[in-house]
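Protein chains: 2
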Amino acid sequence: MTPHAYLVDDDDAIRDSLSWLLESRGLHCLSYPSAEDFLAAWDPSLAGCLVLDIRMDGMSGPELFDILCERGSTLPVIFLTGHGDVPMAVSALKKGAFDFVEKPCNDNELVDRVIEALKLDENRRVAASDADSVNTLIARLTCREREVMELVLAGKLNKVIADELQISMRTVEVHRANLFEKMGVRTAVELAQLLAGKR
Amino acid sequence: MTPHAYLVDDDDAIRDSLSWLLESRGLHCLSYPSAEDFLAAWDPSLAGCLVLDIRMDGMSGPELFDILCERGSTLPVIFLTGHGDVPMAVSALKKGAFDFVEKPCNDNELVDRVIEALKLDENRRVAASDADSVNTLIARLTCREREVMELVLAGKLNKVIADELQISMRTVEVHRANLFEKMGVRTAVELAQLLAGKR
DNA sequence: GCGCATATTGTGGAAACCCGCAACCCTCGG
DNA sequence: CCGAGGGTTGCGGGTTTCCACAATATGCGC
Numbered sequence: 001m002t003p004h005a006y007l008v009d010d011d012d013a014i015r016d017s018l019s020w021l022l023e024s025r026g027l028h029c030l031s032y033p034s035a036e037d038f039l040a041a042w043d044p045s046l047a048g049c050l051v052l053d054i055r056m057d058g059m060s061g062p063e064l065f066d067i068l069c070e071r072g073s074t075l076p077v078i079f080l081t082g083h084g085d086v087p088m089a090v091s092a093l094k095k096g097a098f099d100f101v102e103k104p105c106n107d108n109e110l111v112d113r114v115i116e117a118l119k120l121d122e123n124r125r126v127a128a129s130d131a132d133s134v135n136t137l138i139a140r141l142t143c144r145e146r147e148v149m150e151l152v153l154a155g156k157l158n159k160v161i162a163d164e165l166q167i168s169m170r171t172v173e174v175h176r177a178n179l180f181e182k183m184g185v186r187t188a189v190e191l192a193q194l195l196a197g198k199r
Numbered sequence: 001m002t003p004h005a006y007l008v009d010d011d012d013a014i015r016d017s018l019s020w021l022l023e024s025r026g027l028h029c030l031s032y033p034s035a036e037d038f039l040a041a042w043d044p045s046l047a048g049c050l051v052l053d054i055r056m057d058g059m060s061g062p063e064l065f066d067i068l069c070e071r072g073s074t075l076p077v078i079f080l081t082g083h084g085d086v087p088m089a090v091s092a093l094k095k096g097a098f099d100f101v102e103k104p105c106n107d108n109e110l111v112d113r114v115i116e117a118l119k120l121d122e123n124r125r126v127a128a129s130d131a132d133s134v135n136t137l138i139a140r141l142t143c144r145e146r147e148v149m150e151l152v153l154a155g156k157l158n159k160v161i162a163d164e165l166q167i168s169m170r171t172v173e174v175h176r177a178n179l180f181e182k183m184g185v186r187t188a189v190e191l192a193q194l195l196a197g198k199r
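Top to bottom, those sequences are chains C and R. Read left to right, the first sequence gives residues 1 to 199 (the UniProt record's numbering). Read left to right, the second sequence gives residues 1 to 199 (the UniProt record's numbering).
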């Protein structure tokens, strides 16, 4: 899915004008008249950002935001509101909203925010895919290989690992070689670098 | 310095009441009648959190916040204001303020926020001191040892390192052993773990 | 049952690593 | 001038790793 700005607002006029504004700047953009509609269309693979009205018939913007968060969405959310108050803004931002802007607002400013949000999402996605590719590699290991890997990462010698797992040193060497191969590294240090920050 | 809540407000009555409130809950607390006063007293070793009024004679709360950020302060800041507006709150939070609450506010709520902020600062400080102790170790290494360490962390064999540094393998072994000793590790993997996330 | 993946073990040798001992050179400070 | 600290090197020998070749056992799906 190519990145889009997803507009959710129950006011037809605002959706149309925002979507025109964003598209005139070359941004892809999709509109939804209610939080429920967007939620129905949402899936974790959607890329881009969300521009979300606060007050709507049915589900409110913040309610949608909460639900998306629970479902693991990382889509940056820009709240847009005509009658926001401070606690609402504070709450939204502390929960991780990308921005909170009041209508009416400067067009350029909103577009800039959307572009920033798209950029953030893009960055997150490359980071996530990096982490994911590592996890994919780990997933391909057999149990034994994972066990050995843990102990290797603990800096233990093959001899010690063999002892702890109650297997021969030779077997440890085999598992070690296999997992290095599968993880695409040639030394234990490279392995440690690859997994730096995880588990 | 033991952690304090630093109150900055130009209203004597508010300072007194807040400081009484916080101290009655067992929190240490210091008051300043102006941003300038706090700035004069500030130094990077201050631990705790800042409770900052927005509108004050002289330097405003946000101005003080900006200056502290520039100077590398990581003190969590809770903004307190009687007449805040949404853009102000949004701007403060996006710059990294810990919270933004409107006066008058529930006493318990404010105390809770202060406690959370103190906790955050505490956590940050332990993390920083961990990082710092590692840096201290690194600082004790000789140039050569640092060079060798870099290459070891790149997963290179002693032979290769010797070649790149144009020295004999024996010398690499010596530096390697010395730096392991100084860093308090016994294997290259432990070293990689220790420096995970840095340089 | 056969093929395949996984786990296991052994032998033996090459390569890499670890380390004590000994030594030389240089620079800097007392 | 001499000692201390850092950088350098060689030798010898033990330890560990790496790997090719070879083999056995278990479980799983077709």
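Quick reminder that beta carbons are idealized off the backbone N, C-alpha and C, glycines included. In this text, all values refer to a predicted model and were calculated from it rather than measured experimentally.
Exercise for the section: Look at the alpha carbon of Val145 of chain C and the alpha carbon of Leu179 of chain C, and state the distance between them as a whole number of angstroms. Expected result: In the first sequence, residue 145 of chain C corresponds to position 145, counting from 1. In the first sequence, residue 179 of chain C corresponds to position 179, counting from 1. Rather than Val, the amino acid found at residue 145 of chain C in this sequence is Glu. Taking the straight line from one Cα to the other gives about 6 angstroms.
Handout entry: Straight-line Cα distance separating Ala47 of chain C from Leu118 of chain C
Key = In the first sequence, residue 118 of chain C corresponds to position 118, counting from 1. In the first sequence, residue 47 of chain C corresponds to position 47, counting from 1. Using only the alpha carbons, I get a separation of about 8 angstroms.
Handout entry: Cβ pair Pro3 of chain C, Glu116 of chain C closer than 8 angstroms
Key = Sequence index remark: in the first sequence, residue 3 of chain C carries index 3 (1-based). Sequence index remark: in the first sequence, residue 116 of chain C carries index 116 (1-based). Judged by their CB atoms, Pro3 of chain C and Glu116 of chain C are not nearer to each other than the 8 angstroms cut-off.
Exercise for the section: Return helix, strand or coil for Ile138 of chain C, following the three-state DSSP convention. Expected result: The residue given as residue 138 of chain C occupies position 138 in the first sequence. Helix, per DSSP.
Problem - Chain-ordered neighbours of Leu153 of chain C on chain R, where CB pairs are closer than 7 angstroms - result: Counting from 1 along the first sequence, the entry for residue 153 of chain C is found at position 153. Ordered by position in chain R, the residues that pass the 7 angstroms Cβ test against Leu153 of chain C are Val189.
Problem - Helix, strand or coil at His4 of chain R according to DSSP, with G and I counted as helix - result: Mapped onto the second sequence, residue 4 of chain R falls at position 4. Looking at His4 of chain R - three-state DSSP - the assignment turns out to be strand.
Exercise for the section: Give, in chain order, every unbroken run of the alpha helix (DSSP H) that is at least 4 residues long and sits entirely within the region 99-159 of chain C. Expected result: Listed in chain order, they are 107-139 and 143-153.
Practice task
Sort out for me which residues DSSP pairs Ser91 of chain C with in a bridge.
Solution key: Taking the first sequence and counting its residues from 1, one reaches residue 91 of chain C at position 91. In DSSP, Ser91 of chain C forms no bridge with anything.
Handout entry: Range covered by the alpha helix (DSSP H) that runs through Val77 of chain C
Key = Here residue 77 of chain C refers to the residue found at position 77 of the first sequence. Note, Val77 of chain C: premise wrong, no alpha helix (DSSP H); beta strand (DSSP E) at Val77 to Thr81.
Practice task
Taking C-beta pairs closer than 7 angstroms, name the residues in chain R that Val172 of chain C reaches, listed in chain order.
Solution key: Reading the first sequence from its first residue, position 172 is the one you call residue 172 of chain C. Near Val172 of chain C there are no residues of chain R at all, since even the closest Cβ is about 15 angstroms away, more than 7 angstroms.
Problem - Test: Leu93 of chain R CB closer than 8 angstroms to a CB of chain C - result: The count along the second sequence starts at 1 and reaches residue 93 of chain R at position 93. Interface flag for Leu93 of chain R against chain C is set, since a Cβ pair is found closer than 8 angstroms.
Handout entry: Beta-carbon proximity list for Ser34 of chain C, same chain, < 8 angstroms, skipping 5 on both sides
Key = As a working mapping, residue 34 of chain C is identified with position 34 in the first sequence. Excluding its 5 nearest sequence neighbours in each direction, Ser34 of chain C has C-beta neighbours in its own chain below 8 angstroms: Val8, Asp10, Met56, Asp57, Gly58 and Met59, listed in chain order.
Handout entry: Proximity winner among R:Leu64, R:Asp107, R:Met149 and R:Ala5, relative to Leu27 of chain R (alpha-carbon distances)
Key = To locate residue 27 of chain R, count along the second sequence from 1; it is residue 27. Checking every option, the nearest Cα to that of Leu27 of chain R belongs to R:Ala5.
Practice task
Report the three-state DSSP secondary structure of Ser31 of chain C (helix, strand or coil).
Solution key: The sequence position of residue 31 of chain C within the first sequence is 31, counting from 1. Strand at Ser31 of chain C.
Problem - Extent of the continuous beta strand (DSSP E) run through Val172 of chain R - result: Here residue 172 of chain R refers to the residue found at position 172 of the second sequence. For Val172 of chain R, there is no enclosing beta strand (DSSP E); the residue is found in the alpha helix (DSSP H) stretching over Met169 to Met183.
Handout entry: Check: Ile167 of chain R C-beta below 7 angstroms from any heavy atom of the ligand FAD
Key = The ligand FAD is absent from the structure shown, which contains no ligands of any kind.
Problem - Three-state class that DSSP yields for Asp37 of chain C in the structure shown - result: Position 37 of the first sequence, counted from the first residue, corresponds to residue 37 of chain C. Shown here, Asp37 of chain C sits in a helix according to DSSP, grouped into three states.
Handout entry: Closest Cα partner of Ser73 of chain C within the set C:Phe79, C:Leu50, C:Val126 and C:Ala13
Key = Locating residue 73 of chain C in the first sequence gives position 73, where the first residue counts as 1. Answer by Cα proximity: C:Leu50.
Problem - Cβ neighbour criterion (16 or more within 10 Å) applied to Lys156 of chain C - result: Position 156 of the first sequence holds residue 156 of chain C. Around the beta carbon of Lys156 of chain C, 16 or more other beta carbons lie within 10 angstroms, which makes this residue buried.
Exercise for the section: Buried or exposed for Cys29 of chain R, please, with buried defined as at least 16 other CB atoms from any protein chain shown within 10 angstroms of its CB. Expected result: Here residue 29 of chain R refers to the residue found at position 29 when the second sequence is read from its first residue. The residue is buried, with at least 16 neighbouring Cβ atoms inside 10 Å.
Problem - Interface positions of the region 67-91 of chain C facing chain R (Cβ-Cβ less than 9 angstroms), listed along the chain - result: Listed in sequence order: Thr81, Gly84, Asp85, Val86, Pro87, Met88, Ala89 and Val90.
Exercise for the section: State buried or exposed for Val126 of chain C, treating a residue as buried only when at least 16 other CB atoms are found within 10 Å of its CB. Expected result: On the first sequence, position 126 is the one that residue 126 of chain C refers to. Taking all protein chains in view, the Cβ of Val126 of chain C is surrounded by fewer than 16 other Cβ atoms within 10 Å, so the residue is classified as exposed.
Practice task
Using beta-carbon positions only, say whether Ser168 of chain C and Ala162 of chain C come within less than 8 angstroms of one another.
Solution key: Translated into the one-based positions of the first sequence, residue 168 of chain C becomes position 168. Translated into the one-based positions of the first sequence, residue 162 of chain C becomes position 162. Yes, Cβ-Cβ distance for Ser168 of chain C and Ala162 of chain C is below 8 angstroms.
Handout entry: Given 8 angstroms, three or more beta-carbon pairs between the region 136-155 of chain R and the region 97-115 of chain R
Key = Remark: fewer than three beta-carbon pairs, one from each stretch, lie closer than 8 angstroms, so the region 136-155 of chain R and the region 97-115 of chain R are not flagged as touching.
Exercise for the section: Please confirm if Gln193 of chain R has its CB atom under 8 angstroms from at least one CB of chain C. Expected result: To locate residue 193 of chain R, count along the second sequence from 1; it is residue 193. Chain C, which has a Cβ nearer than 8 angstroms to the Cβ of Gln193 of chain R, makes this yes.
Practice task
Alpha carbon to alpha carbon, how far is Asp16 of chain R from Gly61 of chain C? Give it in angstroms, no decimals.
Solution key: On the first sequence, position 61 is the one that residue 61 of chain C refers to. On the second sequence, position 16 is the one that residue 16 of chain R refers to. Rounded to the nearest angstrom, the two C-alpha atoms are 40 angstroms apart.
Exercise for the section: Select from the region 101-125 of chain R all residues with a C-beta closer than 9 angstroms to any C-beta belonging to chain C, and list them in chain order. Expected result: Here the close residues are Val101 and Glu102.
Handout entry: Coarse secondary structure for Gly48 of chain R, derived from DSSP in three states
Key = As a first step, residue 48 of chain R is located in the second sequence; it is residue number 48 there, counting from the start. Correct three-state label for Gly48 of chain R: strand.
Exercise for the section: Measure the Cβ-Cβ separation of Phe100 of chain C and Gly82 of chain C and say whether it is below 8 angstroms. Expected result: For the purposes of this step, residue 100 of chain C is taken as the residue at position 100 of the first sequence. For the purposes of this step, residue 82 of chain C is taken as the residue at position 82 of the first sequence. Cβ distance not < 8 angstroms, so Phe100 of chain C and Gly82 of chain C don't count as in contact.
Practice task
List the DSSP bridge partners of Asp53 of chain C.
Solution key: The count along the first sequence starts at 1 and reaches residue 53 of chain C at position 53. In the DSSP output, where bridge partners are listed per residue, Asp53 of chain C has C:Leu80.
Handout entry: Spatial neighbours of Leu120 of chain C in its chain, beta-carbon cut-off 6 angstroms, leaving aside the 5 residues before and after
Key = Position 120 of the first sequence, counted from the first residue, corresponds to residue 120 of chain C. Contacts found: Pro76.
Practice task
Rounded to whole angstroms, what's the CA-CA distance from Leu52 of chain C to Asn135 of chain R? Just pull it up for me.
Solution key: Indexing the first sequence from 1 puts residue 52 of chain C at position 52. Indexing the second sequence from 1 puts residue 135 of chain R at position 135. Rounded to the nearest angstrom, the two C-alpha atoms are 45 angstroms apart.
Exercise for the section: Can you tell me the Cβ-Cβ gap for Val111 of chain C and Arg186 of chain C, rounded? I've got them flagged as a contact below 8 angstroms. Expected result: The residue you call residue 111 of chain C lines up with position 111 of the first sequence. The residue you call residue 186 of chain C lines up with position 186 of the first sequence. Incorrect: roughly 48 angstroms between the Cβ atoms, too far for contact.
Problem - Leu195 of chain R: first and last residue of the uninterrupted alpha helix (DSSP H) it sits in - result: Working through the second sequence from its first residue, we reach residue 195 of chain R at position 195. Counting along the chain, Leu195 of chain R sits inside no alpha helix (DSSP H), nor does DSSP assign it H or E at all.
Exercise for the section: Spell out whether any CB of chain C is found under 8 angstroms from the CB atom of Asp163 of chain R. Expected result: For the purposes of this step, residue 163 of chain R is taken as residue 163 along the second sequence, with counting starting at 1. No, Asp163 of chain R does not count as interfacial toward chain C.
Practice task
Drop a sphere of 10 angstroms on the beta-carbon of Arg113 of chain C, count the other beta-carbons inside from all chains shown, and report buried for 16 or more, exposed for fewer.
Solution key: Numbered from 1 along the first sequence, position 113 holds the residue referred to as residue 113 of chain C. Buried: at least 16 other Cβ atoms inside 10 Å.
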